[in-house]
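Visitor: Under this note's numbering, residues 1 to 363 are what the sequence shown spells out, in order. Just so you know, even glycine gets a beta-carbon here, dropped at the ideal spot from N, CA and C. Predicted model, so just to flag it, every value in this text is computed and none were measured.
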Amino acid sequence: MSDIAITLCSKPKPKTPDDALRFGTVFTDHMFVMDYLEGRGWHSPRVVPYQPFELDPATAVLHYAQAVFDGLKAFRGVDGVIRLFRPRKHAERLNRSCERMCIPPLDPDMVVRSFHALIEVDNAWVPSKRGTALYLRPTVIASEPFLGVRAAKNYIYFLILSPVGPYYAEGIKPVKILVADHNVRAVEGGVGDAKTGGNYAASLSAQAEAERAGYTQVLWLDGVHRKYLDEVGSMNIMVKIAGEVATPPLSGTILPGVTRDSILSLMRDWGLKVSERPIAIDEVMAAARNGTLEEMWGTGTAAVVSPVGQLGYKGEKVVINNGEAGPLTRRLYDAITDIQYGLTNDVHHWTEPVVLAKQRRIA
Ligand SMILES: Cc1ncc(COP(=O)(O)O)c(C=O)c1O
């Protein structure tokens, strides 16, 4: 693998102040790109000025959605150090998504190097205010122009960066969730455990329906029985019922969330009773009615934890923990964000500092 060539942009863009940052609207000055050609493999890793792609209208990804992505964050700590949160785990998940979508695997070390290389060039874009972060979006698309359903012969790996604002500007806010009882997100044997664009496109109509009914997001049930919890919006779901924390097992229909994994580890460290098991929606509704549903929350890179304050299912509405974030939800949020901002000892070695060496200008 050749070294990473760097071409700097001639005119850096003005930066958005930390206070004005939202999610996914501002992009940094550069991007990382690498190409794949059948017979040659992945080659020409490079950092270039952020720019549009020119794609032939027949490009495979535009027709058959052969594409994967991932999403992770880097944080500027109180000590000024920029830390990536579990970059290797995200690189490995990207590769598992590639495998499912018939995309040639990437070298996970190269993927992690791309994170470091691009952040190094655009390090001035990493915001500082607590709650802000730099979101990384590594993506792979089939770039061969052809019509016909088969795996493409050419691909592009690219990485873009977006400084993002705090998910909770005014404190952790619980959301109202509608249980989707006819649309499903995934089935076993499908692609629910891969991070591929079609899963998100397929979720939009149920999401729009939930919004029309006054809810924020959808709780997905399993695609076979319409009975067991799968995920909430684009987050993994956890419930605390009568002292036990439960979350659905990784059975192929849900994305193996990095936040899910981190939170399960923390709760096990703390000696809590934690189960990965099927959770029936009837069990959750019954627990809500009899007062044993203590807390319920989603987990994901964007929000870390997102408490569920209200649940609607088949015309019935239940309120959880008086519609407020529960104590365990808050404890988990604080524990994860303290690690991300370098405020506490990272005993699991989840963070990886970005070392800022002297930048090279090669082209
Ligand atoms: C469908 C889906 N489930 C769960 C998650 C949470 O995963 P993570 O904690 O790795 O962000 C995400 C976000 O990436 C997602 O898109």
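Which of helix, strand or coil does DSSP assign to H30?
Guide: Within the sequence shown, the letter at position 30 stands for residue 30. The answer is strand: DSSP assigns H30 an E or B state.
Visitor: With respect to 7 Å, is the separation between the Cβ of S234 and the closest non-hydrogen atom of ligand 1 below this value?
Guide: Residue numbering aside, residue 234 sits at position 234 when the sequence shown is read from its first letter. It does: the Cβ of S234 is within 7 Å (strictly closer) of some heavy atom of ligand 1.
Visitor: To the nearest angstrom, report how far apart H225 and D282 are at their CA atoms.
Guide: Position 225 of the sequence shown, counting from 1, holds the residue named residue 225. Position 282 of the sequence shown, counting from 1, holds the residue named residue 282. Approximately 12 Å between the Cα atoms of the pair.
Visitor: Is DSSP giving R151 helix, strand or coil here?
Guide: The residue labelled residue 151 in the question sits at position 151 within the sequence shown. The identity of residue 151 in the sequence shown is Ala, whereas the question assumes Arg. Coil.
Visitor: T301: beta carbon under 7 Å from a heavy atom of ligand 1?
Guide: As a working note, residue 301 is residue 301 in the sequence shown. Checking every heavy atom of ligand 1 against the Cβ of T301, one is found closer than 7 Å.
Visitor: Return yes when the Cβ of D230 is within less than 8 Å of the Cβ of R185, no when it is not.
Guide: As a working note, residue 185 is residue 185 in the sequence shown. As a working note, residue 230 is residue 230 in the sequence shown. Yes; because the gap between Cβ atoms is below 8 Å, this pair is in contact.
Visitor: Within the continuous alpha helix (DSSP H) that includes Q340, where are the two ends?
Guide: Residue mapping note: residue 340 aligns to position 340 of the sequence shown, counting from 1. Segment P327 to Q340, the alpha helix (DSSP H) holding Q340.
Visitor: Any heavy atom of ligand 1 within a distance shorter than 7 Å of the CB on G198?
Guide: The residue you call residue 198 lines up with position 198 of the sequence shown. Outside the cutoff, so no.
Visitor: Can you determine whether any heavy atom of ligand 1 sits closer than 7 Å to the C-beta of L255, and answer yes or no?
Guide: Sequence index remark: in the sequence shown, residue 255 carries index 255 (1-based). True, at least one ligand heavy atom lies under 7 Å from that Cβ.
Visitor: Report yes if the C-beta of E170 is less than 7 Å from at least one heavy atom of ligand 1; otherwise report no.
Guide: Within the sequence shown, residue 170 is the residue found at index 170, counting from 1. No, since every heavy atom of ligand 1 falls outside the 7 Å radius drawn around the Cβ of E170.
Visitor: Identify the continuous beta strand (DSSP E) that holds I263 and give its terminal residues.
Guide: For the purposes of this step, residue 263 is identified with residue 263 of the sequence shown, where counting begins at 1. Not the beta strand (DSSP E): I263 falls in the alpha helix (DSSP H), residues V258 to D269.
Visitor: Mind listing, in chain order, the continuous beta strand (DSSP E) runs of no fewer than 3 residues lying wholly within the region 287-315?
Guide: You should have 293-300 and 304-313.
Visitor: Measuring alpha carbon to alpha carbon, tell me which residue in R150, A5, K11 and P163 is nearest V48.
Guide: By 1-based counting over the sequence shown, the position of residue 48 is 48. Comparing Cα-Cα distances from V48 to each of R150, A5, K11 and P163, the minimum goes to A5.
Visitor: Comparing alpha-carbon positions, which option in F23, S162, P248 and T139 lies nearest V274?
Guide: Here residue 274 refers to the residue found at position 274 of the sequence shown. Among F23, S162, P248 and T139, the Cα nearest to that of V274 is on P248.
Visitor: What are the boundary residues of the beta strand (DSSP E) that includes D230?
Guide: Your numbering for residue 230 matches position 230 in the sequence shown. L229 to V232 is the span of the beta strand (DSSP E), which, as asked, contains D230.
Visitor: Identify whether R83 lies in helix, strand or coil by the three-state DSSP scheme.
Guide: Here residue 83 refers to the residue found at position 83 when the sequence shown is read from its first residue. Reduced to three states, the DSSP call for R83 is strand.
Visitor: First and last residue of the beta strand (DSSP E) that includes I237?
Guide: What you label residue 237 is simply residue 237 of the sequence shown in a count that begins at 1. It spans M235 to I241 - the beta strand (DSSP E) in which I237 sits, taken as one unbroken run.
Visitor: Does the beta-carbon of G71, which I'm using as the reference point, lie nearer than 7 Å to any heavy atom of ligand 1?
Guide: As a position in the sequence shown, residue 71 is number 71, starting the count at 1. Under cutoff, so the answer is yes.
Visitor: Output the distance between the C-alpha atoms of A363 and M34, rounded to the nearest integer angstrom.
Guide: The sequence position of residue 363 within the sequence shown is 363, counting from 1. The sequence position of residue 34 within the sequence shown is 34, counting from 1. Here A363 scores only 35 on pLDDT, less than 50, and its place in the model is too uncertain to base an answer on.
Visitor: Would you check if there are 3 or more beta carbon pairs closer than 8 Å linking the region 310-330 to the region 282-302?
Guide: A contact exists between the region 310-330 and the region 282-302.
Visitor: Hey, F75 and R86: beta-carbon distance below 8 Å or not?
Guide: The residue given as residue 75 occupies position 75 in the sequence shown. The residue given as residue 86 occupies position 86 in the sequence shown. Going by C-beta atoms, F75 is not nearer than 8 Å to R86.
Visitor: Considering only residues of the region 126-192, which uninterrupted beta strand (DSSP E) runs meet the minimum length of 3 residues and lie entirely inside it, listed in chain order?
Guide: Segments of the beta strand (DSSP E) lying fully in the region 126-192: 133-142, 154-164 and 175-179.
Visitor: In its own chain, which residues sit with a C-beta less than 7 Å from the C-beta of Y215, not counting the 5 before and 5 after it?
Guide: As a first step, residue 215 is located in the sequence shown; it is residue number 215 there, counting from the start. Contacts found: K176, I177, L178 and G312.
Visitor: Run the CB neighbour count on W220, radius 10 Å, all protein chains shown included, and call it buried at 16 or more, exposed below.
Guide: As a position in the sequence shown, residue 220 is number 220, starting the count at 1. Counting Cβ neighbours within 10 Å, W220 comes out buried, since at least 16 surround it.
Visitor: Cα-Cα, which of R331, E316, L147 and R150 is closest to S306?
Guide: Translated into positions along the sequence shown, residue 306 becomes position 306. Comparing Cα-Cα distances from S306 to each of R331, E316, L147 and R150, the minimum goes to R331.
Visitor: Out of L266, F23, P105 and A117, which has the shortest C-alpha to C-alpha gap to R46?
Guide: Start at 1 with the first residue of the sequence shown, and residue 46 comes out as number 46. Checked all of L266, F23, P105 and A117; the closest Cα to R46 is A117.
Visitor: Give the secondary structure of D346 by DSSP, where H, G and I count as helix, E and B as strand, and everything else as coil.
Guide: As a working note, residue 346 is residue 346 in the sequence shown. Coil.
Visitor: Just to confirm the assignment, what range does the beta strand (DSSP E) spanning R46 have?
Guide: Taking the sequence shown and counting its residues from 1, the one referred to as residue 46 is at position 46. First-last of the beta strand (DSSP E) with R46: G41 to P49.
Visitor: Starting from the C-beta of L356, find all residues in its chain whose C-beta is less than 8 Å away, skip the five residues before and the five after it, and write them out in chain order.
Guide: For the purposes of this step, residue 356 is taken as the residue at position 356 of the sequence shown. Once the five neighbours on either side are set aside, the close Cβ partners of L356 are I82, E120 and N123.
Visitor: Would DSSP call Q359 helix, strand or coil?
Guide: Reading the sequence shown from its first residue, position 359 is the one you call residue 359. Model confidence at Q359 stands at a pLDDT of 43, short of 50, so the residue's coordinates are unreliable; what they give is reported in the following sentence. Of the three classes helix, strand and coil, the one that applies to Q359 here is coil, per DSSP.
Visitor: With distances taken from CA atoms, which of T16, Y157 and I279 is nearest G41?
Guide: Position 41 of the sequence shown, counted from the first residue, corresponds to residue 41. Nearest of T16, Y157 and I279 to G41, Cα basis: Y157.
Visitor: Less than 8 Å between the C-beta atoms of T253 and V308, yes or no?
Guide: Reading the sequence shown from its first residue, position 253 is the one you call residue 253. Reading the sequence shown from its first residue, position 308 is the one you call residue 308. No. Outside cutoff.
Visitor: Once DSSP output is grouped into helix, strand and coil, what is the label at S275?
Guide: Working through the sequence shown from its first residue, we reach residue 275 at position 275. Three-state DSSP puts S275 in a strand.
Visitor: So R76 is in the beta strand (DSSP E); what residue range does that whole segment cover?
Guide: Walking along the sequence shown from the start, residue 76 turns up at place 76. From DSSP, the beta strand (DSSP E) with R76 extends over L72 to R76.
Visitor: Have a look at L106 and P127 and give me their C-alpha separation to the nearest angstrom.
Guide: If you number the sequence shown from 1, residue 106 lands on position 106. If you number the sequence shown from 1, residue 127 lands on position 127. One C-alpha to the other measures close to 29 Å.
Visitor: Which value, in whole angstroms, describes the spacing of the CA atoms of L266 and A206?
Guide: Residue 266 sits at position 266 when you count from the first residue of the sequence shown. Residue 206 sits at position 206 when you count from the first residue of the sequence shown. Their backbone Cα atoms lie some 33 Å apart in a straight line.
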